[in-house]
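Input: a single structure, listed below in structure tokens.
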Amino acid sequence: MSEDHSTLSTYCSTIAQNAKQASAALQLCSTDLRNHWLDQSALAIRENVAAILAANALDIAAAPGFELSDAQVDRLSLDDERVESIATALEAIALLPDPVGETISSSVRPNGLEVTKIRVPLGVVFFIYESRPNVTADAAAICLKSGNAVILRGGKEAAHSSKAIVDVLIKVAADVGIPEHSLQLVSTTDRDAVGFLLQQSDCIDVAIPRGGAGLIHRVVAEAKMPVMKHFAGNCHVYVDQHANLQMAVDIIVNSKCQRMGVCNACESLVIHEQVAAEAIPVIAQALLQHGITIHGDSLTCEIVPDAIIATDEDYGREFLGPEISIKVVENVDSAIKHINLYSSGHTEAIVTDDEAAASLFSRAIDSSAVMINASTRFNDGGEFGLGAEIGISTDKFHARGPCGLQELTTYKYIATGTGHIRG
């Protein structure tokens with residue numbers, strides 16, 4: 313190992329060890345203290361808006377060098393309104409119920425031993441994410457609120473913005489008495505730092521990557537600790553033969569066009585062949601009016617002259633921009649087969665008035681959320697009533713779907729006796 317790598321390895325080991333020590337102290341902090349930190353952090357974010365925007369301007373100026381897409385630049389950008397949203401989100405998290413210490417179940421055994429199952433923090437979270445400054449504050453808030461120490465590693469595209477936000481949060485933490493090192497930001501943009509930290513399984517309890525396929529695959533391959541994946545969102549809307557066409561158009565436009573650069577945006581349409589001739593022209597017109605490029609199968613291209621013939625790769629792509637794929641299928645079973653083949657396991661929707669089709673679709677689709685006559689954009693912690701989220705997991709273990717405070721806890725058993733011994 314070179315001297316530079318040795319220094320980086322030592323730095324990462326120190327961060328992990330500090331987080332582990334902070335985690336033990338943080339678990340003893342009261343709910344009131346953690347909420348006080350959140351409320352004071354919101355005030356401090358507002359007071360430091362000029363510094364945060366100045367840091368963000370440096371990131372925006374450097375964006376062309378990173379060859380970011382328009383959608384990525386949009387996610388990176390901050391203004392007064394978005395900074396205020398960060399502050400408001402911190403206050404909202406403070407108002408959420410604290411899951412730590414919650415009794416999940418309790419029983420008294422025949423011998424009188426009382427067994428209680430309670431929620432406890434996971435411990436230390438290593439959160440790796442890309443080019444979204446607001447996620448920096450959200451992740452810090454959710455982790456500390458749920459009693460977890462957190463190590464943040466943001467994308468180099470948002471390095472200045474993330475540091476400006478974390479500096480504010482750390483100062484407030486020190487002021488109110490949150491244990492030192494409960495919140496840490498990896499200060500280097502060296503990609504090897506991620507690899508070194510992913511080896512620290514003695515100190516880090518879970519790694520949570522939130523970003524593109526390359527990041528996810530790397531973390532899964534290199535991590536020595538459990539991983540909760542916030543994977544790509546190749547989300548589908550299936551228009552059944554018994555769909556209300558106007559409802560389908562409204563849902564598709566909202567799912568695709570409200571915000572194209574987010575993981576719960578629709579990227580692919582699947583349409584029953586019996587309604588294709590009627591539905592595709594209307595749907596295509598609505599999408600084209602929003603500047604959407606259509607990648608379709610042969611039938612779609614016959615109906616829509618502006619459509620481009622779709623490849624297998626197109627059906628598996630998370631476009632994150634003004635593009636969408638369309639596939640015409642024989643029936644609901646074919647739709648399910650197509651979606652399960654190409655989906656990333658995030659969110660799928662069906663538009664139908666047929667309860668049997670909706671029931672089959674919801675049972676057979678292998679994704680974290682199924683929407684029946686509703687936009688894919690609703691797969692969100694806030695919309696599901698969970699409050700804030702650290703991501704939307706496409707895993708099945710330890711958590712699936714929107715991951716809020718409760719999903720950042722595990723449990724332990726407390727057995728209380730009166731001198732009980734086992735015979």
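If you're matching positions, the sequence shown starts at 313 in the numbering used here and goes up one per residue.
Backbone N, C-alpha and C define an ideal beta-carbon position, used for all residues, glycine too.
Report the residue from Ile-520, Val-551, Ile-615 whose alpha carbon sits nearest the alpha carbon of Asp-707. Checking every option, the nearest Cα to that of Asp-707 belongs to Ile-520.
CB Val-385 to CB Ala-375, shorter than 7 Å? yes
Of all the options Ser-499, Ser-494, Ser-680, His-607, which has the alpha carbon lying nearest to the alpha carbon of Gly-287? Absent from the model: residue 287. The displayed extent of the chain is 313 to 735, so no value can be given.
Tell me which same chain residues have a C-beta within less than 7 Å of the C-beta of Asp-626, skipping the five on either side of it? His-607, Ser-637
Could you tell me whether the stretch 568-579 touches the stretch 688-699, using the rule of 3 or more Cβ pairs below 8 Å? yes
Following the continuous alpha helix (DSSP H) through His-607, name the residue where it begins and the one where it ends. Not the alpha helix (DSSP H): His-607 falls in the beta strand (DSSP E), residues 605-608.
By DSSP, does Met-683 sit in helix, in strand, or in coil? In the structure shown, Met-683 sits in a strand (DSSP, three-state: E or B).
Do you know how far the Cα of Cys-613 is from the Cα of Val-759? Nothing in the structure corresponds to residue 759, since the chain is present only between 313 and 735.
Rounded separation between Asp-450 and Glu-642 - CA only: So the alpha carbons of these two residues sit roughly 43 Å apart.
Spatial neighbours of Leu-510 within its chain, please: C-beta separation below 7 Å, excluding the five flanking residues on both sides. Ala-519, Val-531, Glu-534, Ala-535, Lys-536
Note down the Cα distance separating Ser-397 from Ser-474, rounded to an integer number of angstroms. 15 Å
Val-539: buried (16+ other C-beta within 10 angstroms of its C-beta) or exposed? By the neighbour-count rule (16 or more Cβ atoms within 10 Å), Val-539 is buried.
Can you say whether His-548 is buried or exposed, counting buried as having 16 or more other CB atoms within 10 angstroms of its CB? buried
DSSP puts Thr-722 in a beta bridge; with which residues? Val-432
Does the distance from the CB of Ala-331 to the CB of Ile-440 come in under 7 Å? No.
Along the chain, which unbroken stretches of the beta strand (DSSP E) at least 3 residues long are found entirely within the stretch 560-630? 578-584, 605-608
Is the Cβ-Cβ distance between Arg-387 and Gly-633 less than 7 Å? no
Need the endpoints of the beta strand (DSSP E) that Ile-463 sits in, please. 461-465
Using DSSP with H/G/I as helix, E/B as strand and the rest coil, what is Val-412? coil
Give a yes or no on whether the C-beta atoms belonging to His-584 and Gln-558 are separated by under 7 Å. The criterion of a C-beta distance shorter than 7 Å is not satisfied by His-584 and Gln-558.
Count the CB pairs spanning the stretch 497-516 and the stretch 316-334 that are closer than 8 Å, and state whether there are at least three. yes
Relative to the alpha-carbon of Ser-646, which residue among Ile-620, Leu-425, Ile-677 has its alpha-carbon at the smallest distance? Ile-677
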